[in-house]
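Input: a single structure, listed below in structure tokens.
In this note's numbering, the protein residues as written are 4 to 210.
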């Protein structure tokens, strides 16, 4: 299964000052020992731009990467056989079992933002396909090592439900989170043999 590693946005920090000249003139009195004072006010404005950084897979903040990692699963049939060669086996007609082993199925995830609540959703544009044969993408389950950075459910098609990332500072307005997402295949294994491929896009967004 191919998936997108999305990197959304870069930090934009700008400083601007709006200075409105303020002048005051004070004229002294008739005696030289009298002190004088004059005031001049200056207003400042600092504009800190919003940013959002999201990574699933290879990369590190703040670099932007176009690398798309691949999560792969191996489904192998399992037979109950007697030890030794040329041994007879009574077959009841049932299909053999199948075990699922994984290759690269743990990927790092990172979210950074100063734009308020961050939510993540998964989008599927097509099912896992092998020619005319297909498997539903919802058979892939993702779990996170940190409940504050949860993984969204994977839909069979279109946009899945979103999950919220817990902020780290300033009443949930600033988020700096990292976690590992573990991908597992729990779908039907009684399907025609072949290599089934597809892609999921994970999207992080803010208000």
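Beta carbons are placed, not taken as given, at the ideal position from N, Cα and C, and that holds for glycine. If you're wondering where the values come from, they're calculated on a predicted model, not measured in any experiment.
What are the boundary residues of the beta strand (DSSP E) that residue i is part of?
i, result
"residue 178", "178-188"
"residue 50", "48-51"
"residue 207", "202-208"
"residue 56", "55-59"
In whole angstroms, what is the alpha-carbon distance linking residue i and residue j?
i, j, result
"residue 191", "residue 138", "8 Å"
"residue 176", "residue 39", "48 Å"
"residue 57", "residue 134", "33 Å"
"residue 109", "residue 62", "14 Å"
"residue 151", "residue 121", "11 Å"
"residue 171", "residue 153", "14 Å"
"residue 73", "residue 186", "11 Å"
"residue 75", "residue 48", "51 Å"
"residue 115", "residue 127", "24 Å"
Is DSSP giving residue i helix, strand or coil here?
i, result
"residue 141", "helix"
"residue 65", "coil"
"residue 111", "strand"
"residue 147", "strand"
"residue 127", "strand"
"residue 162", "strand"
"residue 17", "Below a pLDDT of 50, predicted positions are generally treated as unreliable, and residue 17, at 41, falls in that range; the measurement from the model is reported next regardless. Strand, per DSSP."
"residue 120", "coil"
"residue 167", "strand"
"residue 173", "coil"
"residue 74", "coil"
"residue 89", "coil"
"residue 79", "strand"
"residue 191", "coil"
Please report the Cβ distance between residue i and residue j, rounded to the nearest whole angstrom; I am assuming they are in contact, meaning their Cβ atoms lie under 8 Å.
i, j, result
"residue 113", "residue 181", "5 Å"
"residue 201", "residue 140", "6 Å"
"residue 196", "residue 157", "Actually they are not in contact, since the Cβ atoms of residue 196 and residue 157 sit about 23 Å apart, beyond 8 Å."
"residue 189", "residue 144", "5 Å"
"residue 155", "residue 148", "Contact doesn't hold; Cβ gap of about 15 Å is too wide."
"residue 136", "residue 179", "Not a contact, Cβ separation roughly 43 Å."
"residue 205", "residue 123", "6 Å"
Using a Cβ-Cβ distance under 9 Å, would residue i count as near chain B?
i, result
"residue 110", "This model lacks chain B altogether; it includes just one protein chain."
Assign residue i to one of two classes, buried (16 or more other C-beta atoms within 10 Å of its C-beta) or exposed (fewer than that).
i, result
"residue 45", "exposed"
"residue 117", "buried"
"residue 131", "buried"
"residue 67", "exposed"
"residue 52", "exposed"
"residue 203", "buried"
"residue 207", "buried"
"residue 55", "buried"
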